[in-house]
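The next block holds one structure in the form of structure tokens; read it before the comments.
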Amino acid sequence: MAERMPMDPADEQVFKRDMVALIPHLRAFARTLCGDATAADDLAQDAVMKAWDARSSFQMGTNMKAWTFMILRNQFYSEKRRSWRSTQLDQEAAERTLVAIDDPSSPLALDEMRLALKILPSEQREALILVGAGGFAYEEAADICGCAVGTVKSRVSRARKALQSILDAGGYPRDGSPAGDAMRSILADAERLSGPR
Amino acid sequence: MNDRGDGAKGPQTGDARLRQQAIGVKLRQMFDEVVSEPVPDEFLDILRRADSKNDASGGRG
Numbered sequence: 003m004a005e006r007m008p009m010d011p012a013d014e015q016v017f018k019r020d021m022v023a024l025i026p027h028l029r030a031f032a033r034t035l036c037g038d039a040t041a042a043d044d045l046a047q048d049a050v051m052k053a054w055d056a057r058s059s060f061q062m063g064t065n066m067k068a069w070t071f072m073i074l075r076n077q078f079y080s081e082k083r084r085s086w087r088s089t090q091l092d093q094e095a096a097e098r099t100l101v102a103i104d105d106p107s108s109p110l111a112l113d114e115m116r117l118a119l120k121i122l123p124s125e126q127r128e129a130l131i132l133v134g135a136g137g138f139a140y141e142e143a144a145d146i147c148g149c150a151v152g153t154v155k156s157r158v159s160r161a162r163k164a165l166q167s168i169l170d171a172g173g174y175p176r177d178g179s180p181a182g183d184a185m186r187s188i189l190a191d192a193e194r195l196s197g198p199r
Numbered sequence: 925m926n927d928r929g930d931g932a933k934g935p936q937t938g939d940a941r942l943r944q945q946a947i948g949v950k951l952r953q954m955f956d957e958v959v960s961e962p963v964p965d966e967f968l969d970i971l972r973r974a975d976s977k978n979d980a981s982g983g984r985g
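Residue numbers (the working numbering), protein chains in the order written: chain X, 3 to 199; chain D, 925 to 985.
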């Protein structure tokens, strides 16, 4: 580890300015990790604090967005215990979600997407968000998640397929077959598509 | 998008691609919706506090 040199005051101002510009993005990323908006803002605030405290270890001129996202992500997983880092479908969330998607009184596409994302294993969700919404290249997403580029690519691709099957399922008419059966087959399908690795 | 086919696989391929595009659009919408929200004051307070900490006691940072 290099010795921590105090940051140049001019650099500190630049750092702070860039940090402020990144806050909306950190909030959005946190929201996708936590789901709950309040918890997400707590997480994002912690990340801002952590980033500020670690400013002297940031190399000016490198990708600050990726650096802060990595801090936020690490914070999320260290807070939430290992068990949160699921590699499998969350069955309970899945069932709640499918019920919600199936509810004709809540046809909002964005909400569907939000709910469907919750079902995905967190590794796939974060990879998809970083690449598909956060504007990161696969290489950057791999750095943020601490894994290989190929792993990110496969997670993104699995996530896309699983999302599609979940969203398609939400559009099925419910008449006829018992909802429970439909749900089980949807879950099985989503699980197959999003399986670990 | 890097597809291998050039339509030879029929309408289903194109359809799947369209649906994937729709998912991509929705994902970005969802993300951008939060990005465009006003930032709560607490966030800026953190950096303001960091300032005064610097000025006053020079350094626990």
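By construction, the Cβ of each residue, glycine as well, lies at the ideal position given by its N, Cα and C atoms. Everything numeric in this text was worked out from a predicted model, so none of it was measured.
Length of the line joining the Cα atoms of TYR79 (chain X) and MET62 (chain X): 26 Å
Under 8 Å by beta carbon: chain D residues contacting PRO26 (chain X): VAL958, VAL959, SER960, GLU961, VAL963
At what residues does the alpha helix (DSSP H) containing GLY134 (chain X) begin and finish? 124-134
Confirm, please, whether the CB-CB distance from TRP54 (chain X) to LEU951 (chain D) is below 8 Å. no
Can you tell me which of the three DSSP states VAL963 (chain D) falls into? coil
Could you check the C-alpha separation between MET7 (chain X) and CYS149 (chain X) for me, to the nearest Å? 29 Å
For ALA12 (chain X) and ASP965 (chain D), what's the separation of their Cα atoms in angstroms? 24 Å
Quick one: any contact between the stretch 18-26 of chain X and the stretch 112-130 of chain X, if contact means 3 or more CB pairs under 8 Å? no
Nearest-angstrom Cα distance between VAL963 (chain D) and SER156 (chain X)? Using only the alpha carbons, I get a separation of about 34 Å.
Work out the CA separation of LYS67 (chain X) and SER159 (chain X) for me, nearest whole Å. 23 Å
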